[in-house]
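Participant: Chains as they are written, first to last, in this note's numbering: chain F, 23 to 665; chain W, 23 to 665. Beta carbons are placed, not taken as given, at the ideal position from N, Cα and C, and that holds for glycine.
Number of protein chains: 2
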Amino acid sequence: MSLAQALFSPRAVALVGASGDVAKNTARPQRYLKKHGYRGRVLPVNPTRNEVLGERAWPSLAEAPGEIDHAFVMAPGDAVEQALEDCGRRKVPVMSVFTDGFADAGEEGAARQERLVARARALGVRLLGPNSMGLIDIPARLALTVNAVLEMDALPAGATSIVSHSGTMLGTLLSRGAARGLGFAKLVSLGNEADLGVGELVELLAEDADTRVIVLFLETVRDSARLAAAARRAYSAGKPVVVYKLGRSPLGAALARSHTGALAGEDAAVDAFFRDCGIVRVDMLETLLEIAPLVSGRRPPDLKRAGRVAVVTTTGGGAASVVDRLGMLGVETVAPDKESPIIDLTMTATPEQYTAALDELLASPACDAVLAVVGSSAQFHPQLAVEPILRSKRNAKPLAVFLTPQAERSLALLAAQGIAAFRTPEACADALAAYCAWRSPRGRPSGTVELPRDLPRRGRLDEAQGLGLFASLGIAVAEHEVLAPPGEAGAVCLGIADRAAFDREVRAMLARVPGARAVLVQKMESGLAEAIVGYHHDALVGPLVLVGAGGVLAEVYGDFALALAPVSEDEAAAMIESVKGLATVRGYRGLPRGDLRALAAAIAAVSRLALLAGQPVAEAEINPLIVKRHGVVAVDALVTMKE
Amino acid sequence: MSLAQALFSPRAVALVGASGDVAKNTARPQRYLKKHGYRGRVLPVNPTRNEVLGERAWPSLAEAPGEIDHAFVMAPGDAVEQALEDCGRRKVPVMSVFTDGFADAGEEGAARQERLVARARALGVRLLGPNSMGLIDIPARLALTVNAVLEMDALPAGATSIVSHSGTMLGTLLSRGAARGLGFAKLVSLGNEADLGVGELVELLAEDADTRVIVLFLETVRDSARLAAAARRAYSAGKPVVVYKLGRSPLGAALARSHTGALAGEDAAVDAFFRDCGIVRVDMLETLLEIAPLVSGRRPPDLKRAGRVAVVTTTGGGAASVVDRLGMLGVETVAPDKESPIIDLTMTATPEQYTAALDELLASPACDAVLAVVGSSAQFHPQLAVEPILRSKRNAKPLAVFLTPQAERSLALLAAQGIAAFRTPEACADALAAYCAWRSPRGRPSGTVELPRDLPRRGRLDEAQGLGLFASLGIAVAEHEVLAPPGEAGAVCLGIADRAAFDREVRAMLARVPGARAVLVQKMESGLAEAIVGYHHDALVGPLVLVGAGGVLAEVYGDFALALAPVSEDEAAAMIESVKGLATVRGYRGLPRGDLRALAAAIAAVSRLALLAGQPVAEAEINPLIVKRHGVVAVDALVTMKE
């Protein structure tokens with residue numbers, strides 16, 4: 023029996039801690055399994071009753087008869103550890119744990135979780151959770167969860183599968199999808215992901231015949247390497263992976279941490295990571311639901327320029343609400359050979375005219391996606407309103423529909439035909455922008471780099487050593503000389519004109535900093551602008567390379583580009599383009615252009631620190647790197663090794 | 023009969039161009055008036071039929087019998103002008119025009135509209151539209167509109183009134199509100215607002231007994247002075263005004279222009295205008311609906327610091343989705359005396375515990391608003407889920423509720439009690455942020471300023487004249503001298519060390535620029551940072567004052583603060599705080615602090631250009647204004663008069 027089978031299609035499920043009191047959430051899984059037509063055996067385990075909700079119950083998992091593929095544990099306290107021992111003895115391959123009080127509950131809980139996982143590994147039992155609300159497999163009719171959303175009558179079947187850190191939000195997506203005809207295949211609440219993590223679940227879903235789009239609701243990323251590999255596998259299988267991740271604001275990040283006991287990474291790093299492995303990131307919660315048909319069966323557009331969306335509408339105001347938002351997100355609106363960026367058909371257009379206008383746009387090479395906006399008629403004449411859209415030839419490119427009124431039936435008609443339909447102009451624009459920003463998983467430059475032999479392997483390098491490291495990577499560094507054995511220096515003096523001034527300044531400096539053991543003399547450099555180029559080994563996503571405008575701009579404005587290292591020179595050039603503050607060396611307002619090729623080469627060179635065996639560098643930064651008309655030069659170097 | 027009565031409670035309505043073909047939208051007003059219980063007389067006017075939809079019809083407005091309070095014109099072409107003449111003759115006080123082909127249709131249409139308005143003024147007839155979808159008064163049972171949303175059975179009554187440039191979006195708001203128990207009083211589609219504009223309608227609504235919140239969907243602002251006065255009147259009447267305005271992106275602005283034939287202002291100017299007159303601006307479409315109960319009956323919080331929201335929830339993931347967003351919008355999440363910023367009650371809390379936690383927050387001085395998040399139970403046990411919220415003591419401060427699942431009944435229960443409930447975490451955060459950013463209408467500094475006598479009254483001033491103007495306002499300007507009669511100069515030379523260098527550079531300069539008639543010599547100035555301070559007479563909203571970081575930062579990053587001029591020194595100080603790039607003189611990273619008091623004084627001084635009689639200055643800019651440890655000094659002046 024495979025892991026996927028035991029998780030999603032178990033022949034028998036034991037419910038450890040099943041309650042007979044229907045008011046309790048621990049009574050729900052048994053009710054839901056029955057309500058939604060589970061065809062396997064259900065074995066309630068309850069030490070105080072021999073019958074639960076009309077089914078024979080057993081005092082312990084050890085005593086429950088027959089082969090059990092999946093144990094769902096809701097019992098409090100030590101009963102979890104006991105159930106694990108029983109699973110080991112009974113060869114139950116998967117145990118899902120709803121019980122909390124593990125990494126979600128402070129240091130003590132985290133230690134308890136560590137012991138639980140270690141024991142599960144020793145016993146050969148895979149764990150979902152703890153603190154998981156369970157899982158749902160709609161085609162398999164398995165509703166193994168405490169989530170109250172399962173009170174709904176018919177679970178909507180579809181090709182989208184969801185993996186979520188939050189059990190409630192999993193229910194939210196299912197509930198909202200069901201109300202408008204969006205269906206699902208598998209839904210998994212990860213809980214603390216002590217053992218089974220988002221990466222492994224994406225791997226399973228990449229192989230799952232029922233799944234065409236994989237949707238993730240994440241509070242953090244714990245095992246980025248596994249998720250990266252899984253995302254690439256899903257990509258190869260033609261299954262887009264879409265993510266909504268919390269922690270975009272500092273408080274949100276702190277909250278995700280306190281909530282899950284996990285280390286939430288800085289959002290920019292995680293964002294670079296998603297882009298790197300071809301994951302589509304959305305900004306709004308409902309987009310996560312609504313985008314699935316837009317990306318299903320599609321490949322990334324991999325644009326080298328801003329995305330272009332063409333629009334056909336029967337309502338000017340409705341279209342403008344999406345187009346305005348698209349503009350804010352950097353997506354252009356275009357119309358082939360038309361004066362206005364929007365094809366406004368007004369209220370008098372025939373359905374045939376609407377379909378014709380839509381087909382023209384869907385066939386046009388001038389746009390990357392098409393937006394259709396439908397006005398009031400979508401509410402009371404749903405079939406009429408969406409008919410022209412259903413008839414369109416929409417294979418060539420993604421089509422998004424925004425319906426201005428309350429219009430569940432129109433939404434459902436579109437959903438039934440696999441057409442992406444949106445309730446709000448903001449989610450519609452979010453989805454189109456996310457599609458346009460979607461890239462294939464990136465292949466990284468390979469090769470090996472060696473540290474200069476004389477470089478220390480630990481601690482913080484001094485200025486000259488740092489410059490030496492960058493020089494060894496092929497970056498021009500300011501001419502410099504060290505006038506005594508290397509050590510710590512603590513003062514800087516600029517603009518020395520001649521030898522006499524030099525002697526005077528050095529004497530003064532040594533007097534000011536009595537412990538100084540060395541003086542670094544460096545040629546004054548100036549150029550068109552200053553950039554900052556950095557390398558950082560992120561605890562969550564690994565080596566990153568950064569470029570920003572120099573001085574305090576990168577920090578004050580959050581104006582920098584970040585990518586997983588190493589990067590090629592072309593990728594570095596694209597990074598430079600996205601830094602606003604470097605406009606001053608891109609020919610902005612007639613200012614002289616800087617040597618962006620050389621800057622890109624320097625970024626690529628710094629990023630090759632990731633190719634050092636064992637990736638020993640924790641952090642490396644050139645600040646400033648002076649950008650000249652011809653070439654760049656590193657003036658100041660800061661390098662810290664991991665050890 | 024007052025204008026409000028004729029518009030909203032006419033005793034008799036003529037429908038000019040009423041069709042007997044129910045498939046046509048021109049048949050709708052007659053059907054909708056009947057369907058929704060209009061109690062006055064309805065007079066269809068149709069030149070080719072003497073019966074329309076079972077009612078006696080008249081060949082022309084002139085022949086329709088009895089007193090008519092309101093004519094609704096749908097007839098094409100010249101019939102509009104004819105109907106206007108008939109209204110004049112029959113003393114019909116208001117004519118609403120659905121017919122398009124006016125300012126919405128190019129220059130010719132704009133000229134036609136001008137003629138129509140001129141004639142209406144001459145005849146004493148007030149116009150709504152043209153290109154208006156009509157209006158609805160729910161308490162008065164008047165559904166005088168072609169909007170298909172009126173197919174709904176029962177119109178939801180409530181205390182929110184809407185004024186919209188887009189007729190479709192008016193229907194969108196009504197339709198979405200109705201689906202979840204949000205009700206309305208009056209709804210008006212402005213169309214081209216040739217005569218009756220948003221300002222006058224806000225005035226009417228400020229006086230309207232049925233209206234407690236005024237909601238605006240705007241594509242542009244045409245008469246800012248009238249809207250400003252109306253917003254202040256609504257404020258005095260205790261009625262918050264909330265706006266969603268298109269044109270935030272350059273394309274959106276262009277579209278609003280092409281769509282309505284109006285000049286859409288730069289969004290930042292319009293934003294400053296809304297803030298100035300106490301209008302709450304929201305970012306998302308549904309917020310416009312959902313925010314009404316949050317602000318109804320409330321005054322602006324007028325915070326001098328970031329807003330603070332306290333949170334109680336039964337779902338960590340659901341709360342985090344709002345809190346994360348709040349953080350992105352600069353709103354803090356706080357909890358009195360708690361470790362986590364969120365009070366997470368988990369699934370086991372009793373309703374009493376929930377209410378108690380909520381009441382504690384609602385009474386706490388530590389927060390400005392409270393957010394309650396409800397999970398899955400909101401869907402299938404609505405009464406149970408919202409009961410603890412309905413029981414809370416919620417008068418003290420605004421309460422926002424986010425429901426994670428599909429939960430129309432819970433939404434309606436909350437709406438019925440006047441509690442603000444939100445469908446999406448994003449709109450919920452948008453509303454809370456908009457509430458925290460809400461300010462009272464601003465009183466402007468008064469006084470008069472006089473231009474120096476020797477200053478030209480037209481065209482562009484030269485450098486010395488510009489500096490002279492700023493000096494006359496009390497701003498320190500760099501020492502300078504003009505060595506020949508004023509004229510145009512065309513070259514700059516910096517860093518002249520002594521007399522010999524000066525003579526050499528002037529000779530060289532005059533050789534390079536043969537037409538030069540004057541040389542301005544100025545003392546070199548340096549300081550801690552450069553700022554830009556500007557004044558601009560905006561065509562839509564009037565005089566504005568701006569401060570940004572110097573160089574290209576203000577433009578590259580859009581990093582500037584804008585306010586309607588004049589401003590006080592305290593207001594100028596608040597503007598400085600909001601410019602990120604000026605962090606460098608606010609003590610950022612231990613950098614020396616600049617003289618921000620002097621900078622604020624200079625901003626206030628520049629803003630007093632608005633106090634010149636006749637406001638003759640079109641544009642004035644100090645770039646750079648050098649910020650020193652003590653004082654500021656203007657180095658370069660650019661001043662253009664209007665004429």
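1. Check the Cβ of TYR610 (chain F) against every Cβ in chain W and list those closer than 8 Å, keeping chain order.
2. Return the CA-CA distance between PRO152 (chain W) and THR190 (chain W), expressed in angstroms with no decimal places.
3. For ALA455 (chain F) and MET117 (chain F), I'd like the C-alpha separation in whole angstroms.
4. Helix, strand or coil: how does DSSP classify GLU73 (chain F) here?
5. Counting contacts by CB-CB distance shorter than 7 Å, is ALA342 (chain W) in contact with chain F?
6. Can you give me the start and stop residues for the alpha helix (DSSP H) that LYS57 (chain F) sits inside?
7. Residues in the stretch 225 to 253 of chain W with C-beta within 9 Å of chain F's C-beta atoms, listed in sequence order?
8. Do VAL607 (chain F) and ALA656 (chain F) have their C-beta atoms closer together than 7 Å?
9. Of all the CB atoms in chain F, is at least one closer than 7 Å to the CB of GLU173 (chain W)?
10. In whole angstroms, what is the alpha-carbon distance linking MET663 (chain F) and CYS515 (chain F)?
11. Express the C-alpha separation of GLY62 (chain W) and ALA34 (chain W) in angstroms, rounding to a whole number.
12. To which residues does DSSP link GLN544 (chain W) through a beta bridge?
13. Who are the neighbours of LYS602 (chain F) on chain W, taking C-beta pairs under 7 Å?
14. So with Cβ pairs under 7 Å, would you call PHE402 (chain F) a contact of chain W?
15. If we count Cβ pairs, one from each stretch, closer than 8 Å, do we get three or more for the stretch 148 to 165 of chain F versus the stretch 25 to 43 of chain F?
16. Could you tell me how far apart the beta carbons of PRO467 (chain F) and GLY300 (chain F) are, in whole angstroms, since I believe they sit closer than 8 Å?
17. Smallest Cα separation from GLY465 (chain W): which of W:ALA250, W:ARG321, W:ALA500, W:GLY612?
18. For a test of the three-state rule: what should DSSP assign to VAL628 (chain W), helix, strand or coil?
19. From the beta carbon of ALA667 (chain F), is the nearest beta carbon of chain W less than 7 Å away?
20. Using DSSP with H/G/I as helix, E/B as strand and the rest coil, what is ARG521 (chain W)?
21. To the nearest angstrom, how far is it from the Cα of PHE492 (chain W) to the Cα of LEU505 (chain W)?
22. Considering only the alpha carbon of each residue, which of W:LYS267, W:VAL74, W:MET597 lies closest to ARG244 (chain W)?
23. Tell whether a beta-carbon distance below 7 Å holds between VAL589 (chain W) and VAL563 (chain W).
24. Grab me the residues of ARG297 (chain W)'s own chain with a C-beta within less than 7 Å of its C-beta, minus the 5 sequence neighbours each way, in chain order.
25. Taking CB distances under 7 Å as the criterion, tell me whether THR446 (chain F) reaches chain W.
26. Would you check if the stretch 166 to 180 of chain F and the stretch 218 to 227 of chain F touch, i.e. whether three or more CB-CB distances between them fall below 8 Å?
27. Are the C-beta atoms of LEU268 (chain F) and some chain W residue less than 7 Å apart?
28. For the stretch 286 to 371 of chain F, which segments carrying the beta strand (DSSP E) assignment without a break, of at least 3 residues, lie completely within its bounds, in sequence order?
29. Let me know if LEU584 (chain F) comes out buried or exposed under the rule of 16 or more other beta-carbons within 10 Å of its beta-carbon.
30. Any beta carbon of chain W sitting closer than 7 Å to that of MET597 (chain F)?
31. DSSP three-state label for TYR579 (chain W), please.
32. Check the Cβ of GLU308 (chain F) against every Cβ in chain A and list those closer than 8 Å, keeping chain order.
33. Go through its chain and collect everything with a Cβ distance to HIS281 (chain F)'s Cβ below 7 Å, but skip five positions before and after it.
34. Using a Cβ-Cβ cutoff of less than 6 Å, which residues in the same chain neighbour ARG649 (chain W) once the five nearest sequence positions on both sides are dropped?
35. Compare the beta carbon distance of LEU412 (chain W) and VAL423 (chain W) with 7 Å and say whether it is the shorter of the two.
36. How many angstroms separate the CA atom of ARG521 (chain F) from the CA atom of ALA538 (chain F)?
Facilitator: Considering the structure as presented:
1. In the first sequence, counting from the first residue as 1, residue 610 (chain F) sits at position 588. What TYR610 (chain F) touches in chain W: VAL574, VAL578.
2. Reading the second sequence from its first residue, position 130 is the one you call residue 152 (chain W). Reading the second sequence from its first residue, position 168 is the one you call residue 190 (chain W). For the pair PRO152 (chain W) and THR190 (chain W), the Cα-to-Cα distance works out to about 15 Å.
3. Within the first sequence, residue 455 (chain F) is the residue found at index 433, counting from 1. Within the first sequence, residue 117 (chain F) is the residue found at index 95, counting from 1. If I take the Cα positions, the gap works out to 40 Å.
4. As a first step, residue 73 (chain F) must be located in the first sequence, where it is residue number 51. Reduced to three states, the DSSP call for GLU73 (chain F) is strand.
5. Position 320 of the second sequence, counting from 1, holds the residue named residue 342 (chain W). True, the Cβ-Cβ gap to chain F drops below 7 Å.
6. Start at 1 with the first residue of the first sequence, and residue 57 (chain F) comes out as number 35. Element bounds for LYS57 (chain F): 50 to 57.
7. Closer than 9 Å at the C-beta level to chain F, one finds these residues of the stretch 225 to 253 of chain W: PHE239, GLU241.
8. Residue numbering aside, residue 607 (chain F) sits at position 585 when the first sequence is read from its first letter. Residue numbering aside, residue 656 (chain F) sits at position 634 when the first sequence is read from its first letter. Result no, Cβ atoms of VAL607 (chain F) and ALA656 (chain F) do not sit closer than 7 Å.
9. Residue 173 (chain W) sits at position 151 when you count from the first residue of the second sequence. Taking Cβ atoms only, chain F reaches closer than 7 Å to GLU173 (chain W), which makes this a yes.
10. Start at 1 with the first residue of the first sequence, and residue 663 (chain F) comes out as number 641. Start at 1 with the first residue of the first sequence, and residue 515 (chain F) comes out as number 493. The straight-line gap from Cα to Cα measures roughly 27 Å.
11. Position 12 of the second sequence, counted from the start, is the residue given in the question as residue 34 (chain W). Position 40 of the second sequence, counted from the start, is the residue given in the question as residue 62 (chain W). It is roughly 5 Å from the alpha-carbon of ALA34 (chain W) to the alpha-carbon of GLY62 (chain W).
12. On the second sequence, position 522 is the one that residue 544 (chain W) refers to. Note: GLN544 (chain W) sits in a beta bridge opposite W:HIS502.
13. Walking along the first sequence from the start, residue 602 (chain F) turns up at place 580. Residues of chain W with a Cβ closer than 7 Å to the Cβ of LYS602 (chain F) are, in chain order, VAL578, TYR579.
14. Locating residue 402 (chain F) in the first sequence gives position 380, where the first residue counts as 1. Taking Cβ atoms only, chain W reaches closer than 7 Å to PHE402 (chain F), which makes this a yes.
15. Counting C-beta pairs with one atom in each stretch, the stretch 148 to 165 of chain F and the stretch 25 to 43 of chain F have three or more that are closer than 8 Å, which means they touch.
16. Along the first sequence, read from residue 1 onward, the residue named residue 467 (chain F) stands at position 445. Along the first sequence, read from residue 1 onward, the residue named residue 300 (chain F) stands at position 278. Not quite, the Cβ-Cβ distance comes to about 17 Å (not below 8 Å), so this is no contact.
17. Along the second sequence, read from residue 1 onward, the residue named residue 465 (chain W) stands at position 443. With distances taken between Cα atoms, GLY465 (chain W) lies closest to W:ALA250.
18. Taking the first residue of the second sequence as 1, we reach residue 628 (chain W) at position 606. Here VAL628 (chain W) sits in helix by DSSP.
19. Nothing about residue 667 (chain F) can be reported from this structure: the residues present for chain F run from 23 to 665 only.
20. Against the second sequence, residue 521 (chain W) aligns to sequence position 499. If DSSP states are grouped into helix, strand and coil, ARG521 (chain W) belongs with the helices.
21. By one-based count along the second sequence, residue 492 (chain W) stands at place 470. By one-based count along the second sequence, residue 505 (chain W) stands at place 483. About 20 Å.
22. Numbered from 1 along the second sequence, position 222 holds the residue referred to as residue 244 (chain W). The candidate whose alpha carbon is nearest that of ARG244 (chain W) is W:LYS267.
23. Taking the second sequence and counting its residues from 1, one reaches residue 589 (chain W) at position 567. Taking the second sequence and counting its residues from 1, one reaches residue 563 (chain W) at position 541. Not closer than 7 Å, so no.
24. To locate residue 297 (chain W), count along the second sequence from 1; it is residue 275. Here the set comprises ARG461.
25. Position 424 of the first sequence holds residue 446 (chain F). Against chain W, the CB of THR446 (chain F) has a partner CB under 7 Å away; the residue lies at that interface.
26. Contact between the stretch 218 to 227 of chain F and the stretch 166 to 180 of chain F is absent, because fewer than three Cβ pairs lie under 8 Å.
27. What you label residue 268 (chain F) is simply residue 246 of the first sequence in a count that begins at 1. For LEU268 (chain F), the answer is yes, since a Cβ of chain W falls inside 7 Å of its Cβ.
28. The beta strand (DSSP E) runs of length 3 or more contained entirely in the stretch 286 to 371 of chain F are, from start to end of the chain, 330 to 335, 364 to 366.
29. Position 562 of the first sequence, counting from 1, holds the residue named residue 584 (chain F). By the neighbour-count rule (16 or more Cβ atoms within 10 Å), LEU584 (chain F) is buried.
30. Taking the first residue of the first sequence as position 1, residue 597 (chain F) is located at position 575. Taking Cβ atoms only, chain W never reaches closer than 7 Å to MET597 (chain F), which makes this a no.
31. Residue numbering aside, residue 579 (chain W) sits at position 557 when the second sequence is read from its first letter. Coil, per DSSP.
32. Included in the structure are the protein chains F and W, with no chain A among them.
33. Position 259 of the first sequence holds residue 281 (chain F). Residue placement at HIS281 (chain F) cannot be trusted, given a pLDDT of 40 that sits under 50; what the coordinates show is reported in the next sentence. So the list reads GLU241, once near-sequence residues are dropped.
34. Residue 649 (chain W) sits at position 627 when you count from the first residue of the second sequence. One point to set straight first is that residue 649 (chain W) is Val, not Arg, in the sequence displayed. Only GLY549, LEU550, ALA551, ALA553, VAL607, GLY616, LEU621 meet the Cβ criterion.
35. In the second sequence, the residue the question calls residue 412 (chain W) occupies position 390. In the second sequence, the residue the question calls residue 423 (chain W) occupies position 401. Not a contact, by the Cβ cut-off of 7 Å.
36. Locating residue 521 (chain F) in the first sequence gives position 499, where the first residue counts as 1. Locating residue 538 (chain F) in the first sequence gives position 516, where the first residue counts as 1. Distance between the alpha carbons of ARG521 (chain F) and ALA538 (chain F): 21 Å.
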